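Going by our numbering, the sequence shown runs without a break in its numbering and finishes at 542. Even for Gly, the Cβ is constructed at its ideal location relative to N, Cα and C. No experiment lies behind these values; they were computed from the predicted model shown.
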Amino acid sequence: MPNPDVDVLIVGAGFAGLGALHRLRGVGLRARVLEAGQGVGGTWYWNRYPGARCDVESLDYSYQFSAELQQEWEWTERYASQPEILRYLEHVADRFDLRRDIRLGTRVSAAHFNEGENCWEISTTAGEQMRARWLVMATGCLSRPNKPVLPGLQDFAGEVYHTGEWPHTEPVFAGKRVGVIGTGSSAIQSIPVLAERAAKLYVFQRTPAYSVPARNGPLDPQVQAQVKADYAGFRAKNNATFGAAGFDANEACALQVSAEERQREYDKRWARGGLPFMLAFADLILHPDANATAAEYVRAKIRETVKDPAVAELLAPYHTFACKRLCADTGYFETFNRPNVTLVDVRSHAIERVTRTAVVTENATYELDCIVFATGFDAMTGALLAIDIHGREGVRLKDAWQEGPKTYLGLATAGFPNLFTISGPGSPSVLSNMVPTIEQHVGWIAECIGYMESHHVRMLEAEAGAQEEWVAHVNFVATQTLYPSCNSWYLGANVPGKPQVFMPYSGGFPAYTAKCNEVAARGYAGFIHS
Ligand code: NA7
Numbered sequence: 013m014p015n016p017d018v019d020v021l022i023v024g025a026g027f028a029g030l031g032a033l034h035r036l037r038g039v040g041l042r043a044r045v046l047e048a049g050q051g052v053g054g055t056w057y058w059n060r061y062p063g064a065r066c067d068v069e070s071l072d073y074s075y076q077f078s079a080e081l082q083q084e085w086e087w088t089e090r091y092a093s094q095p096e097i098l099r100y101l102e103h104v105a106d107r108f109d110l111r112r113d114i115r116l117g118t119r120v121s122a123a124h125f126n127e128g129e130n131c132w133e134i135s136t137t138a139g140e141q142m143r144a145r146w147l148v149m150a151t152g153c154l155s156r157p158n159k160p161v162l163p164g165l166q167d168f169a170g171e172v173y174h175t176g177e178w179p180h181t182e183p184v185f186a187g188k189r190v191g192v193i194g195t196g197s198s199a200i201q202s203i204p205v206l207a208e209r210a211a212k213l214y215v216f217q218r219t220p221a222y223s224v225p226a227r228n229g230p231l232d233p234q235v236q237a238q239v240k241a242d243y244a245g246f247r248a249k250n251n252a253t254f255g256a257a258g259f260d261a262n263e264a265c266a267l268q269v270s271a272e273e274r275q276r277e278y279d280k281r282w283a284r285g286g287l288p289f290m291l292a293f294a295d296l297i298l299h300p301d302a303n304a305t306a307a308e309y310v311r312a313k314i315r316e317t318v319k320d321p322a323v324a325e326l327l328a329p330y331h332t333f334a335c336k337r338l339c340a341d342t343g344y345f346e347t348f349n350r351p352n353v354t355l356v357d358v359r360s361h362a363i364e365r366v367t368r369t370a371v372v373t374e375n376a377t378y379e380l381d382c383i384v385f386a387t388g389f390d391a392m393t394g395a396l397l398a399i400d401i402h403g404r405e406g407v408r409l410k411d412a413w414q415e416g417p418k419t420y421l422g423l424a425t426a427g428f429p430n431l432f433t434i435s436g437p438g439s440p441s442v443l444s445n446m447v448p449t450i451e452q453h454v455g456w457i458a459e460c461i462g463y464m465e466s467h468h469v470r471m472l473e474a475e476a477g478a479q480e481e482w483v484a485h486v487n488f489v490a491t492q493t494l495y496p497s498c499n500s501w502y503l504g505a506n507v508p509g510k511p512q513v514f515m516p517y518s519g520g521f522p523a524y525t526a527k528c529n530e531v532a533a534r535g536y537a538g539f540i541h542s
């Protein structure tokens with residue numbers, strides 16, 4: 013097969029893949045998307061567990077590439093639910109006629125770079141083969157479920173679910189004893205809903221989470237109209253912030269203000285709800301003493317909310333505030349006041365095994381009809397490394413990243429020509445509002461490929477030296493924060509055996525964007541082209 017089937021092959025049809033297809037068409041390239049799911053939507057296709065919703069506000073968590081789309085789409089809630097976001101992405105696929113270039117139900121199993129012909133040879137699990145000059149991995153940061161290996165799980169006679177692979181037909185929990193394993197964002201969203209549906213709910217907690225009330229509700233039509241009156245201005249303002257979101261950041265440091273003023277700031281943000289709580293003071297993720305003030309505030313709220321003091325104490329987190337991703341909830345802590353909910357501390361007595369009918373910890377047996385794993389994801393690298401990717405000289409990405417992912421700008425990896433990662437490790441990705449940062453990557457990649465095609469460049473590869481410098485910079489910036497101080501999925505610490513490297517870029521979206529723009533303006537400095 014001398015000619016590639018398409019110019020660009022995109023893996024994944026979530027926010028990133030759909031956006032990439034649209035933008036690449038815009039620069040005149042033939043692109044095709046391969047998507048494992050039976051529908052578009054990526055994260056929002058798979059994570060359809062009860063209570064699933066975004067914790068970034070709807071008006072912010074949406075595409076900005078089309079002014080018409082921004083005006084037409086009406087969000088109904090302050091934080092959009094999973095079904096609403098999925099409807100939005102389906103609408104985008106239809107409105108921009110994307111579906112004709114998307115192959116659903118097609119899982120990519122391997123991608124090998126053919127050096128003789130400067131193209132990627134892609135294989136699917138169904139045994140199909142395709143060739144493309146460029147490969148864009150839009151495989152998501154949180155798309156490879158993390159499933160703990162529990163002895164005996166295969167013998168469990170009840171139902172087993174993972175929040176990230178939720179069935180399309182909603183399971184019936186009425187009258188059943190349900191066990192949720194995990195207390196991260198997915199658990200915190202689903203537990204209040206499951207508690208209402210199930211006869212009995214056991215929550216198996218290893219690490220308590222910091223969570224703030226989301227204060228979700230119908231989106232005020234006046235607020236929506238106001239934003240739409242100057243959507244471009246709203247985007248420009250938000251894109252200039254650290255996290256590319258309309259979070260209002262306080263410039264003051266926590267310990268430079270009086271205890272009363274600190275309390276007022278925290279109270280104000282707690283009442284308003286949502287993740288901007290973590291921007292109450294500029295140094296919360298930089299200084300341990302500042303951090304401790306926010307941590308203590310949340311613990312006090314938990315003690316106020318949860319009636320049983322022993323349960324409240326177990327739910328109170330003691331690790332660094334926000335160094336595992338902060339959660340936003342609707343009635344999470346209140347749920348533990350229900351008579352049908354029991355908190356099980358699996359930190360002091362770990363889960364030992366599963367039997368035909370129960371989860372057995374070191375000190376008790378819990379008879380269950382259903383187990384819900386809310387145990388998160390092999391984040392940021394899991395979906396990429398699940399594909400057998402071979403670069404130049406047959407080097408496997410798995411080997412190149414043996415000590416942790418190494419990229420240039422989170423966009424490209426030395427030794428893997430003509431391959432781009434959207435929201436790859438080393439880019440702001442999960443520390444920012446995903447949709448604008450995805451769009452920044454998609455725009456940069458489309459312009460880059462367009463430029464290379466028009467300059468007849470057949471091969472583009474990150475320089476090893478430029479990559480080393482970027483990796484060192486990403487690590488340095490992370491060490492200036494408290495992020496590396498706890499065993500989060502940002503670090504890969506949630507997956508046994510995974511190398512522990514702080515993966516996202518913590519220098520902020522504006523600094524990152526400026527760097528990407530500078531690299532492009534200098535004729536793609538740090539890349540070798542031939
Ligand atoms: P997270 O945030 O990774 O949470 C997973 C939870 O599962 C967390 O509480 C883990 O405890 C727990 N876990 C994982 N493995 C085990 C085992 N083996 N035993 C007991 N408990 C376990 O995933 P989510 O899906 O909630 O959220 C991911 C992101 O999606 C979120 O941050 C938002 O960005 C959206 P641990 O803390 O590791 O002790």
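From the options, residue whose alpha carbon lies closest to that of residue i
{"i": "G128", "options": "R470, G51, V372, S121", "result": "R470"}
{"i": "N487", "options": "K418, D260, E96, V235", "result": "K418"}
{"i": "P220", "options": "F521, V190, L231, L327", "result": "L327"}
{"i": "L296", "options": "K319, L494, Y214, Q94", "result": "L494"}
{"i": "P351", "options": "L46, V318, T342", "result": "V318"}
{"i": "H467", "options": "E481, A424, S542, G24", "result": "S542"}
{"i": "H331", "options": "N303, Q201, R276", "result": "N303"}
{"i": "S93", "options": "T342, N126, A306, F254", "result": "T342"}
{"i": "Q166", "options": "H453, I434, V371, L154", "result": "V371"}
{"i": "V192", "options": "T377, A207, A186, V184", "result": "A207"}
{"i": "Y524", "options": "A256, C498, V358", "result": "A256"}
{"i": "D242", "options": "E80, G170, A32", "result": "E80"}
{"i": "M290", "options": "F333, E272, P440, G258", "result": "F333"}
Contacts around residue i, its chain only, beta-carbon distance under 6 Å, and the 5 residues preceding and following it disregarded
{"i": "G462", "result": "V39"}
{"i": "V160", "result": "Reading off the sequence shown, one finds Pro at residue 160, where the question assumed Val. T387."}
{"i": "A476", "result": "A426"}
{"i": "A322", "result": "none"}
{"i": "D400", "result": "A122"}
{"i": "W146", "result": "V20, N430, I461"}
{"i": "V310", "result": "Y222"}
{"i": "L397", "result": "K410"}
{"i": "G416", "result": "P511, V513"}
{"i": "H124", "result": "E133, H402"}
{"i": "K527", "result": "none"}
{"i": "G520", "result": "F254"}
{"i": "W456", "result": "C528"}
{"i": "L116", "result": "E47, Q50"}
{"i": "S135", "result": "S121, A122, Q141"}
Three-state class that DSSP yields for residue i in the structure shown
{"i": "C528", "result": "helix"}
{"i": "Y75", "result": "coil"}
{"i": "L431", "result": "strand"}
{"i": "I461", "result": "helix"}
{"i": "V442", "result": "helix"}
{"i": "S11", "result": "Outside the shown range of the chain, which is 13 to 542, sits residue 11, and nothing can be said about it."}
{"i": "M471", "result": "coil"}
{"i": "T118", "result": "coil"}
{"i": "G130", "result": "Going by the sequence as given, residue 130 is Asn instead of Gly. If DSSP states are grouped into helix, strand and coil, N130 belongs with coil."}
{"i": "F345", "result": "helix"}
{"i": "I314", "result": "helix"}
{"i": "H124", "result": "strand"}
{"i": "P14", "result": "Bear in mind that the predicted position of P14 carries a pLDDT of just 44, short of 50, making it unreliable; the figure below should be weighed with that in mind. It is coil, neither helix nor strand."}
{"i": "A537", "result": "coil"}
{"i": "A105", "result": "helix"}
{"i": "E80", "result": "helix"}
{"i": "R365", "result": "strand"}
{"i": "D113", "result": "helix"}
{"i": "T491", "result": "helix"}
{"i": "L41", "result": "coil"}
Neighbourhood of residue i by C-beta, 7 Å cutoff - its chain only, sequence neighbours within 5 removed
{"i": "M13", "result": "The pLDDT assigned to M13 is 39, lower than 50, so where the model puts this residue is not dependable; a value taken from the coordinates is nonetheless given after this. Taken in chain order, the residues that qualify are R143."}
{"i": "L30", "result": "V52, L101, V104, A105, L110"}
{"i": "N158", "result": "T387, G388, F389, D390, N506, V507"}
{"i": "I97", "result": "W56, C66"}
{"i": "P62", "result": "S202, V205, L206"}
Cβ shell of residue i (< 8 Å), same chain only, five flanking positions each side left out
{"i": "Y91", "result": "R65, C66, D67, V68, E69, S70, A226, N228, G286, A340"}
{"i": "N547", "result": "The question about residue 547 has no answer, for the chain in this structure spans 13 to 542."}
Cβ-heavy atom distance, residue i to the ligand MG, below 8 Å
{"i": "S198", "result": "With respect to the ligand MG, the structure shown offers nothing to examine, as its ligands consist of the ligand NA7."}
Please go through the segment 184 to 270 and give each complete beta strand (DSSP E) segment of 3 or more residues, from N-terminal end onward.
-> 189 to 193, 212 to 217, 223 to 225
Entirely within the segment 371 to 432 and at least 4 residues each: give me those alpha helix (DSSP H) ranges in chain order.
-> 394 to 397, 409 to 412
Run through the segment 135 to 183 for me and flag every whole beta strand (DSSP E) of 3 or more residues, listed as ranges in chain order.
-> 141 to 149, 171 to 174
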